[in-house]
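Going by the working numbering, the first residue of the sequence shown is number 1, and it counts up by one from there.
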Amino acid sequence: MLLEKLCAKRHKEDPKGAELPGHKLMLKGGFIHQTGQGLYTLSYLGVKMRQKIEAIVRKHLNPIMQEVNMPLITPAKLWEESGRIDKIDVLAKFESKSGVDFVIAPTHEEIIVDYAKSQIESYKDLPTTLYQIQTKYRDEKRARGGLVRTRELMMKDAYSFNKSKEDLNTYYFKVLETYHKIYKELGFNNVIDIESDTGDMGGYLAHEFMLINENGADTIYICKDCGYKANKEIYELNKYDENKCPKCQSENLEKTRGIEVGNIFQLGDKYTTSLNMTYTNESGEKSNPYMGCYGIGISRCLGSLFEQSYDDCGPILPITTAPFEVHITTLSANNKKIKSQAEQIYERLEKAGIDTILDTRDDIRPGEMFADADLIAAPIRLIISPKNIEKGIIEIKYRTTQTVDNLPHEIKINKTNKVAEIIKTLKAEYTY
Ligand SMILES: [Zn+2]
1 MLLEKLCAKR HKEDPKGAEL PGHKLMLKGG FIHQTGQGLY TLSYLGVKMR
51 QKIEAIVRKH LNPIMQEVNM PLITPAKLWE ESGRIDKIDV LAKFESKSGV
101 DFVIAPTHEE IIVDYAKSQI ESYKDLPTTL YQIQTKYRDE KRARGGLVRT
151 RELMMKDAYS FNKSKEDLNT YYFKVLETYH KIYKELGFNN VIDIESDTGD
201 MGGYLAHEFM LINENGADTI YICKDCGYKA NKEIYELNKY DENKCPKCQS
251 ENLEKTRGIE VGNIFQLGDK YTTSLNMTYT NESGEKSNPY MGCYGIGISR
301 CLGSLFEQSY DDCGPILPIT TAPFEVHITT LSANNKKIKS QAEQIYERLE
351 KAGIDTILDT RDDIRPGEMF ADADLIAAPI RLIISPKNIE KGIIEIKYRT
401 TQTVDNLPHE IKINKTNKVA EIIKTLKAEY TY
């Protein structure tokens, strides 16, 4: 990508109307544009990040489930059958021209059961787990905080169908473990799972995945002695003492904040019973499958990466999900020799499969060029300048550590590989 062609304007001033630091940085760096309240347009930068997030999610889920795609607009009839049509306050309904009622889905339990009924007939068809990565709509009154809390959002939602409570439980914990691998590879440094209230969803057991973050909307209690953790709802529900761990009675209880980046539920047979889904079991009798559902907020993860780590210059993004891996800044690009050196390096990096953005603008000061690079937040910056070329080097700067190093300047294909090696080493840090 050539920076001068990039349709994602950076802004010098702090944007108005944004409170969270990550939200400000996303607007300032041109990753998002607010279209309406709780509604955002993602620029090419935002889309690139979302695609990288989705690819990591798919990589980990494909071995244990199958991807499908359900409609966003769904028949109200299914929501009436499950009894949820008037129970979910974020449900948006509308009547079509033909007088039929529809729901803009905020979640897909009803829809997946309708589909699974057409596919699952006997015990031989179980277990089956289906997932999708799709837009959802929640008719929230207050939607603030950028991509962390939107009306329209991108979500990964999965649904398992199991023969028994025990099978569901085993599979559920397999997903829980997979989630930790996903969050690690996405670049989150501190996501914990917390047992939570099953709430509106019904069922037996639920966990939330919380990114520990001081700007998060959720309150979390963590006992420093026994490791007990719980969210505010569980605390209020059980009327626990705020200053004492309910498990070991220690007063070493930390109250902290978090952003919920995923949740999983053991739903049991609530939906398969209400929507009358059965299969023929080994004894030839009709039985209701047990269900689990498993969500990851894709757009919320994207927003949370910006809330997680930043400094005065801009966001600090992980190499696994940053929009670009390498950002080449070319100083004195009006010098033809320098510009052509930069272009050669760019071509070789791209050829080696390295996601690179090249800045060869010759009408701005180096300070502006660096400020833009800070906002676009590639973890690796290469600085090409007449001074460096004279010394036979390319300067490499690591965003996370702010350290600077030199690479030899012979621009051979093996020097490109040197950058590939560096990226490989950086990426290894995000493996669980
Ligand atoms: Zn404790």
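Just so it is clear, CB atoms sit at the ideal spot from N, CA and C, and this is done for glycine as well.
So which of the options has the shortest CA-CA distance to residue i?
{"i": "Gln119", "options": "Arg50, Thr280, Ile53 and Ile85", "result": "Thr280"}
{"i": "Leu78", "options": "Asn238, Glu185, Leu27 and Ser274", "result": "Ser274"}
{"i": "Val68", "options": "Ile133, Pro379 and Thr321", "result": "Ile133"}
{"i": "Glu195", "options": "Glu95, Asn231 and Leu168", "result": "Asn231"}
{"i": "Asn417", "options": "Asn388, Tyr346 and Phe370", "result": "Tyr346"}
{"i": "Gln34", "options": "Leu147, Pro386, Lys48 and Asp197", "result": "Leu147"}
{"i": "Lys224", "options": "Lys391, Tyr235 and Asn243", "result": "Asn243"}
{"i": "Lys59", "options": "Glu251, Thr320 and Leu72", "result": "Thr320"}
{"i": "Glu110", "options": "Leu382, Asp405 and Gly292", "result": "Gly292"}
{"i": "Pro75", "options": "Ser96, Asn62, Pro21 and Arg144", "result": "Ser96"}
{"i": "Ala143", "options": "Ile298, Val90, Glu251 and Ser287", "result": "Val90"}
{"i": "Lys397", "options": "Lys87, Ile383, Phe31 and Tyr171", "result": "Ile383"}
{"i": "Phe102", "options": "Leu72, Ala116 and Ser122", "result": "Leu72"}
{"i": "Val261", "options": "Arg138, Met154 and Tyr123", "result": "Met154"}
{"i": "Glu421", "options": "Gly353, Tyr432, Glu233 and Gly99", "result": "Gly353"}
{"i": "Gly30", "options": "Ser43, Gly36, Tyr171 and Leu39", "result": "Ser43"}
{"i": "Ile376", "options": "Arg399, His108 and Asp362", "result": "Arg399"}
{"i": "Leu267", "options": "Val113, Asp363 and Lys351", "result": "Val113"}
{"i": "Ile53", "options": "Met369, Ser340 and Ala322", "result": "Ala322"}
{"i": "Cys313", "options": "Val419, Ile264 and Phe370", "result": "Phe370"}
{"i": "Asn213", "options": "Lys48, Gly392, Gly295 and Tyr310", "result": "Tyr310"}
{"i": "Ala206", "options": "Gly83, Val47, Leu168 and Leu426", "result": "Leu168"}
{"i": "Ile264", "options": "Pro318, Ile192 and Lys239", "result": "Ile192"}
{"i": "Leu27", "options": "Pro15, Cys248, Leu331 and Glu152", "result": "Pro15"}
In the DSSP assignment, the alpha helix (DSSP H) including residue i goes from what residue to what residue?
{"i": "Thr219", "result": "It is not in any alpha helix (DSSP H) - Thr219 instead sits in the beta strand (DSSP E) that spans Asp218 to Cys223."}
{"i": "Ser274", "result": "Lys270 to Ser274"}
{"i": "Ala378", "result": "Counting along the chain, Ala378 falls outside any alpha helix (DSSP H), and DSSP gives it neither H nor E."}
{"i": "Ile389", "result": "Pro386 to Lys391"}
{"i": "Lys97", "result": "Careful: Lys97 lies outside any alpha helix (DSSP H) and carries neither H nor E."}
{"i": "Ile345", "result": "Lys336 to Lys351"}
Which of helix, strand or coil does DSSP assign to residue i?
{"i": "Gln308", "result": "helix"}
{"i": "Ile111", "result": "helix"}
{"i": "Thr431", "result": "coil"}
{"i": "Ile298", "result": "helix"}
{"i": "Tyr279", "result": "strand"}
{"i": "His23", "result": "helix"}
{"i": "Lys244", "result": "coil"}
{"i": "Ile328", "result": "strand"}
{"i": "Pro323", "result": "coil"}
{"i": "His11", "result": "coil"}
{"i": "Asp193", "result": "strand"}
{"i": "Thr150", "result": "coil"}
{"i": "Leu317", "result": "coil"}
{"i": "Ala105", "result": "coil"}
{"i": "Leu253", "result": "strand"}
{"i": "Ala206", "result": "strand"}
{"i": "Leu439", "result": "Outside the displayed range of the chain (1 to 432) lies residue 439, so it cannot be described from this structure."}
{"i": "Lys87", "result": "coil"}
{"i": "Lys16", "result": "coil"}
Could you please give the first and the last residue of the uninterrupted beta strand (DSSP E) stretch that includes residue i?
{"i": "Glu285", "result": "Premise fails: Glu285 is in no beta strand (DSSP E) and is neither H nor E."}
{"i": "Lys229", "result": "Lys229 to Asn231"}
{"i": "Thr170", "result": "Element bounds for Thr170: not the beta strand (DSSP E) but the alpha helix (DSSP H), Lys165 to Leu186."}
{"i": "Asp363", "result": "Segment: none, Asp363 is in no beta strand (DSSP E) and carries neither H nor E."}
{"i": "Ser122", "result": "Segment: none, Ser122 is in no beta strand (DSSP E) and carries neither H nor E."}
{"i": "Ile73", "result": "Ile73 to Pro75"}
Have a look at the DSSP bridge pairing and note the partners of residue i.
{"i": "His33", "result": "Thr41"}
{"i": "Gly62", "result": "Reading off the sequence, residue 62 comes out as Asn, not Gly. Its beta-bridge partners do not exist; DSSP assigns none."}
{"i": "Gly292", "result": "Ser160 and Gln266"}
{"i": "Tyr131", "result": "Glu67 and Ala158"}
{"i": "Asp405", "result": "Ile396"}
{"i": "Gly258", "result": "Ile212 and Asp218"}
{"i": "Cys357", "result": "The question names Cys, yet the displayed sequence has Ile at residue 357. Paired residue(s): His327."}
{"i": "Lys136", "result": "Leu153"}
Pocket of ligand 1 defined by Cβ to heavy atom distance under 6 Å = Cys223, Asp225, Cys226, Tyr228, Cys245, Lys247, Cys248 and Ser250
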